[in-house]
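2 protein chains.
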Amino acid sequence: MDDETGDSVPPDAKAEIAEAIGAALAKHGYERLTTAKIAAEYDKSEAGLYYHYDSKDEMIAAFLDGAAAAQAAELTDDDREDSETRLRAACERLFVAPGDERAGLHVAVMELLSHAPYNETLRDPLRELEGATLDALADIIREGVGDGTFREVDPDATAAFLLAAADGSTGFHVALEMDVGADLRRGWSAYVDSLLADG
Amino acid sequence: MDDETGDSVPPDAKAEIAEAIGAALAKHGYERLTTAKIAAEYDKSEAGLYYHYDSKDEMIAAFLDGAAAAQAAELTDDDREDSETRLRAACERLFVAPGDERAGLHVAVMELLSHAPYNETLRDPLRELEGATLDALADIIREGVGDGTFREVDPDATAAFLLAAADGSTGFHVALEMDVGADLRRGWSAYVDSLLADG
DNA sequence: TACGCGTGAGTGAGTGTTCACTCGCTTGGG
DNA sequence: CCCAAGCGAGTGAACACTCACTCACGCGTA
Numbered sequence: 131m132d133d134e135t136g137d138s139v140p141p142d143a144k145a146e147i148a149e150a151i152g153a154a155l156a157k158h159g160y161e162r163l164t165t166a167k168i169a170a171e172y173d174k175s176e177a178g179l180y181y182h183y184d185s186k187d188e189m190i191a192a193f194l195d196g197a198a199a200a201q202a203a204e205l206t207d208d209d210r211e212d213s214e215t216r217l218r219a220a221c222e223r224l225f226v227a228p229g230d231e232r233a234g235l236h237v238a239v240m241e242l243l244s245h246a247p248y249n250e251t252l253r254d255p256l257r258e259l260e261g262a263t264l265d266a267l268a269d270i271i272r273e274g275v276g277d278g279t280f281r282e283v284d285p286d287a288t289a290a291f292l293l294a295a296a297d298g299s300t301g302f303h304v305a306l307e308m309d310v311g312a313d314l315r316r317g318w319s320a321y322v323d324s325l326l327a328d329g
Numbered sequence: 131m132d133d134e135t136g137d138s139v140p141p142d143a144k145a146e147i148a149e150a151i152g153a154a155l156a157k158h159g160y161e162r163l164t165t166a167k168i169a170a171e172y173d174k175s176e177a178g179l180y181y182h183y184d185s186k187d188e189m190i191a192a193f194l195d196g197a198a199a200a201q202a203a204e205l206t207d208d209d210r211e212d213s214e215t216r217l218r219a220a221c222e223r224l225f226v227a228p229g230d231e232r233a234g235l236h237v238a239v240m241e242l243l244s245h246a247p248y249n250e251t252l253r254d255p256l257r258e259l260e261g262a263t264l265d266a267l268a269d270i271i272r273e274g275v276g277d278g279t280f281r282e283v284d285p286d287a288t289a290a291f292l293l294a295a296a297d298g299s300t301g302f303h304v305a306l307e308m309d310v311g312a313d314l315r316r317g318w319s320a321y322v323d324s325l326l327a328d329g
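Protein chains in written order, with the numbering used here: chain A, 131 to 329; chain B, 131 to 329.
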């Protein structure tokens, strides 16, 4: 998408809109997200959004594509660390607490997920996002099983279970602000402990 | 929920509406839930709903109150079984698969959870629902730790982690229909294994 | 240099629809 | 004959999206 020079910022309008979507989603969630609110985060008019995209959902899909790539990059980044450290770092990223700057977005993604059965436009980008996270986790675990850090657990099952727990914590921990932050941390931390070899 | 006679139904209008809400929520989700669709599940008119409730969200809150009670009852029911069996049964209930008759409702509850930050009316009933489930799980685990079935795990942390996993699986497994059913089952099953004493 | 012209980017003011909720009216049982 | 229970037909607001338009510019020509 970028031109090769990358010198004077050619601030691609589509990218700017995707960014505005991210900000607006985090602030307002999906149901309350209006094109007016998106335009408010963008520095252009509401109608201008439709010059670049055909529908609101298409803009959101574009944002999600970017988010999937970013997520994969973040979780794959620290290639030098050992797998236990990497898995704990991934959990730290995925289990968000209320007040965290990612909290709003996590709740919004949860909302989007719940709309997936009714919204074809969003379904694929969301699959990509969750799939990327799942793969990154499974890779970390597979590596750890391979080098003897972890027991002989099933990497796919473990990754799925862990991602489910992270996603699910967004509901009662972040959205409802129930007082379970410490419990959840002890919960996932103990789970990672239980994956370690020997004991 | 049933009155003791169970003979001639004294069909409390409020309860009937709550039931209609449940059916409509499962079918359409929350965003697409309109008062017209609720009335369609009810055998009365749209305006009739407002004779009993002041707002749509109040009807949903009433439904959630009922659901919390039902959930607590379901998870506490089989008091005779041993705690491992009870915990596995609870997981079986909480981890829903696409196609399951509960699937629609689970997705709808996930949607409602994601609206909680913006909707005061729904927040408390949702806290009750999640809290009831959390307590039921913690009780089962506490009992199992007490009688030596489980290791000396923290019941609250374990319950929170398990509920998070169940809730979160609704997103990518049920709403997105990603092909992770077998992985998830192996995941939670292995987790329950890891809670057992000795080994 | 000066001029007109096509075009990419953007706008302000609608428009049609969907929806929660209201209102004045009916009706049947006690 | 009263009143709880319910109805049909609105009503107004919110919102996604459209449309006719403006404007700044690069460029070929003279």
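Each residue gets a CB set at the ideal place from its N, CA and C atoms; glycine is no exception.
Rounded distance between the beta-carbons of residue j and residue i, thought under 8 Å
i: residue 193 of chain B; j: residue 321 of chain A; result: Not quite, the Cβ-Cβ distance comes to about 33 Å (not below 8 Å), so this is no contact.
i: residue 220 of chain A; j: residue 280 of chain A; result: Their Cβ separation, rounded to whole angstroms, is 13 Å, which puts residue 220 of chain A and residue 280 of chain A out of contact at 8 Å.
i: residue 186 of chain B; j: residue 165 of chain B; result: 6 Å
i: residue 213 of chain B; j: residue 273 of chain B; result: 5 Å
i: residue 288 of chain A; j: residue 317 of chain B; result: 6 Å
i: residue 229 of chain B; j: residue 297 of chain A; result: Rounded, the Cβ-Cβ distance is 20 Å, inconsistent with contact.
i: residue 217 of chain A; j: residue 271 of chain A; result: 7 Å
i: residue 314 of chain A; j: residue 225 of chain A; result: 6 Å
i: residue 312 of chain A; j: residue 295 of chain B; result: That pair is no contact at about 18 Å.
Three-state class that DSSP yields for residue i in the structure shown
i: residue 306 of chain B; result: coil
i: residue 291 of chain A; result: helix
i: residue 135 of chain A; result: In this prediction, residue 135 of chain A scores a pLDDT of 33, lower than 50, which makes its location untrustworthy; the coordinate-derived value is nonetheless stated afterwards. Correct three-state label for residue 135 of chain A: coil.
Proximity test, Cβ basis, 8 Å: residue i and chain A
i: residue 341 of chain B; result: Since the first and last residues shown for chain B are 131 and 329, residue 341 of chain B lies out of range.
i: residue 288 of chain B; result: yes
i: residue 272 of chain B; result: no
i: residue 255 of chain B; result: no
i: residue 232 of chain B; result: no
i: residue 314 of chain B; result: yes
i: residue 229 of chain B; result: no
i: residue 262 of chain B; result: no
i: residue 179 of chain B; result: no
i: residue 326 of chain B; result: no
i: residue 199 of chain B; result: no
i: residue 170 of chain B; result: no
i: residue 185 of chain B; result: no
i: residue 78 of chain B; result: Because chain B here runs from 131 to 329, residue 78 of chain B falls outside it and cannot be looked at.
i: residue 266 of chain B; result: no
i: residue 202 of chain B; result: no
i: residue 305 of chain B; result: yes
Any chain B beta carbon closer than 8 Å to residue i
i: residue 296 of chain A; result: yes
i: residue 308 of chain A; result: yes
i: residue 283 of chain A; result: yes
i: residue 275 of chain A; result: no
i: residue 213 of chain A; result: no
i: residue 250 of chain A; result: no
i: residue 237 of chain A; result: yes
i: residue 135 of chain A; result: Note on residue 135 of chain A: pLDDT 33, under 50, position unreliable in the model; the coordinate value appears next. No, no contact with chain B.
i: residue 161 of chain A; result: yes
i: residue 293 of chain A; result: yes
i: residue 152 of chain A; result: no
i: residue 302 of chain A; result: yes
i: residue 175 of chain A; result: no
i: residue 166 of chain A; result: no
i: residue 317 of chain A; result: yes
beta-carbon residue i near the ligand COA non-hydrogen atom, thresh 7 Å
i: residue 236 of chain B; result: What this structure holds is no ligand at all, so the ligand COA is not there to describe.
Closer than 8 Å is the cut-off here; do at least three beta carbon pairs connect the stretch 146-157 of chain A with the stretch 232-247 of chain A?
By the Cβ test, the stretch 146-157 of chain A is in contact with the stretch 232-247 of chain A, since at least three Cβ pairs between them sit closer than 8 Å.
Along the chain, which unbroken stretches of the alpha helix (DSSP H) at least 4 residues long are found entirely within the stretch 138-207 of chain A?
143-158, 165-171, 176-182 and 186-206
At what residue ranges does the stretch 238-270 of chain B contain a whole run of the alpha helix (DSSP H), taking only runs of 4 or more?
none
For the stretch 172-182 of chain A and the stretch 240-250 of chain A, state whether three or more C-beta atom pairs, one from each stretch, are separated by less than 8 Å.
no
Under 8 Å, with one C-beta from each stretch per pair, do the stretch 156-167 of chain A and the stretch 242-261 of chain B reach the 3-pair mark?
yes
For the pair the stretch 254-264 of chain B and the stretch 170-177 of chain B, tell me if three or more CB-CB distances fall below 8 Å.
Of all C-beta pairs linking the stretch 254-264 of chain B to the stretch 170-177 of chain B, fewer than three are shorter than 8 Å, placing the two stretches out of contact.
Quick check: the stretch 268-284 of chain B against the stretch 303-319 of chain B, are at least 3 beta-carbon pairs closer than 8 Å?
Per the Cβ contact rule, the stretch 303-319 of chain B is not in contact with the stretch 268-284 of chain B (fewer than 3 Cβ pairs under 8 Å).
Counting Cβ pairs, one atom from each stretch, are 3 or more of them under 8 Å apart for the stretch 198-205 of chain B and the stretch 264-276 of chain B?
yes
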